Structures are given as structure tokens and as C-alpha cells.
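Quick notes on the structure that follows.
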Amino acid sequence: MAANPRVAIIGAGIVGCSLADELVMRGWSDVVVIEQGPLFATGGSTSHAPGLVFQTNGSKTMA
């Protein structure tokens, strides 16, 4: 890891990884992604992270 990274991204979910990939593709260097734990244990980013909730069963009021 670089001693003085140009960019530090907190979180290796879909947004953090996508941002890191985009920055590197645009020529940025010394990009560091910091994650608190293994993604397989936490499940990574979900639809609930940004506050999005999806209906999983039918509802008469939401036809």
C-alpha cells in the first residue's frame, strides 16, 4: 500500500470498487480501497445500503 495514496476509498462494495476501477481507467495512480472485513462474510453492498427497498411479494395496494 502506498504511504501517501492520492485517493482513499472507504468501502469495497459495488460503488467503492466501481469508483476505484473508473479512476484507474482514467489514469489515476495510488488509489487505495479500504474495507473493514471480507466481503463474503458481510455480503458486500446490498440494495438496502442506499436506502432502496424492493417488494418481494404481491400486494393488493401496490398493483
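Taken in order, the sequence shown gives residues 51 to 113; the numbers are from our numbering. Cβ coordinates follow ideal geometry from the N, Cα and C atoms, glycine included. The structure presented is a predicted model; accordingly, all values stated were derived computationally and were not measured.
Residue span of the alpha helix (DSSP H) that contains residue i, given as start and end
i          : result
residue 70 : 64 to 75
Burial state of residue i (16 or more Cβ within 10 Å)
i          : result
residue 58 : exposed
residue 62 : buried
Residue i (DSSP reduced to helix, strand or coil)
i          : result
residue 53 : coil
Cβ shell of residue i (< 6 angstroms), same chain only, five flanking positions each side left out
i          : result
residue 60 : 84
Proximal residues to residue i (C-beta, below 8 angstroms), its chain only, five neighbours per side dropped
i          : result
residue 67 : 83
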